[in-house]
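Engineer:
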């Protein structure tokens with residue numbers, strides 16, 4: 578999942594920087610690329626360690642990857658996931674709980690809400706969509722498909738919003754008509770997560786089928 582998200586951000590860095598340049602510093606693509614690269618590389622390097630330990634390492638490496646709110650918020654999310662990763666093998670409901678814990682911890686680091694034209698316009702709907710499937714028979718693939726769809730809808734909605742946080746806040750009503758770069762990168766990441774989970778499930782199905 579992290580490798581797939583890195584590939585998605587790598588191919589979209591210039592676009593994300595341009596989105597950010599419309600209302601801010603123009604460096605969000607570069608910042609989220611550094612954060613996703615730190616996450617993917619840490620996960621690969623610490624693959625044999627317990628899941629909560631891997632997630633903690635990801636958090637600290639993400640936060641030291643680049644300055645600014647992007648790394649701080651991403652790191653806070655991973656710290657939260659680590660607190661709920663009690664096992665190395667999580668079922669669907671436990672995975673949802675892990676992501677929900679990530680959002681809960683991230684929200685201690687920002688007062689932004691849905692409608693404020695930030696990454697939370699994509700992230701909160703994504704996690705909410707996952708939680709709505711908790712306790713059902715939904716597959717992990719279905720859970721991440723729902724998260725990706727909700728994140729995309731949330732990101733697209735930011736085009737009509739006026740910014741209330743960051744440098745874009747200074748533009749006020751003039752920030753309308755532009756997508757928020759943080760929400761867009763969040764949607765790209767959850768779409769990448771969904772592709773990775775679907776691909777994994779597809780390969781697992783065919784491998785099991787071939788054995789029989």
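In our numbering, the protein residues as written are 578 to 789. C-beta: ideal position from N, C-alpha, C; glycine also. This one's a predicted model, so the numbers in the text were calculated from it and none came from an experiment.
(1) Give me the Cα-Cα distance between residue 623 and residue 634, rounded to the nearest whole angstrom.
(2) Mark residue 747 as exposed unless 16 or more other C-beta atoms lie within 10 angstroms of its C-beta, in which case mark it buried.
(3) Can you give the Cα-Cα distance for residue 715 and residue 649, rounded to whole angstroms?
(4) Measuring CB to CB, does residue 728 end up less than 9 Å from residue 702?
(5) Using the Cβ count rule (16 or more neighbours within 10 Å means buried), how would you classify residue 614?
(6) With a cut-off of 8 Å, do at least 3 Cβ pairs link the stretch 639–648 to the stretch 664–671?
(7) Kindly list the residues whose CB is nearer than 7 Å to the CB of residue 737, restricted to its own chain and excluding five residues on each side of it in sequence; keep chain order.
(8) Would you report the Cα separation of residue 606 and residue 597, rounded to the nearest angstrom?
(9) Roughly how many angstroms lie between the CA atoms of residue 677 and residue 626, to the nearest whole one?
(10) How long is the line joining the alpha carbons of residue 592 and residue 734, rounded to whole angstroms?
(11) According to DSSP, is residue 755 helix, strand or coil?
(12) Go ahead and label residue 788 buried or exposed: buried means 16 or more other beta carbons lie within 10 angstroms of its beta carbon, across all protein chains shown.
(13) Could you pull the start and end residues of the alpha helix (DSSP H) that residue 729 belongs to?
(14) Let's see if you can read the secondary structure: which residues bound the alpha helix (DSSP H) around residue 639?
(15) Can you tell which of 628, 600 and 646 has the C-alpha that lies nearest to the C-alpha of residue 689?
(16) Whole-angstrom Cβ separation of residue 682 and residue 653, contact assumed at under 8 Å?
(17) Would the beta-carbon of residue 750 be found less than 8 Å away from any heavy atom of the ligand FAD?
(18) Tell me whether residue 587 is buried or exposed, calling it buried when 16 or more other Cβ atoms sit within 10 Å of its Cβ.
(19) Going straight from the alpha carbon of residue 777 to that of residue 698, what length do you get?
Structural biologist: On the basis of the supplied data:
(1) 8 Å
(2) exposed
(3) Their backbone Cα atoms lie some 32 Å apart in a straight line.
(4) yes
(5) buried
(6) no
(7) Closer than 7 Å at Cβ, skipping near neighbours: 753.
(8) 8 Å
(9) Looking at the two C-alpha atoms, the distance is approximately 22 Å.
(10) Here the alpha carbons of residue 734 and residue 592 stand approximately 18 Å from one another.
(11) coil
(12) Low per-residue confidence applies at residue 788: pLDDT is 49, beneath 50, and the placement is therefore not dependable enough to give any value.
(13) 717–734
(14) 628–640
(15) 646
(16) 5 Å
(17) No copy of the ligand FAD occurs in the structure displayed, which carries no ligand at all.
(18) exposed
(19) Near 28 Å, if we compare the C-alpha coordinates of residue 698 and residue 777.
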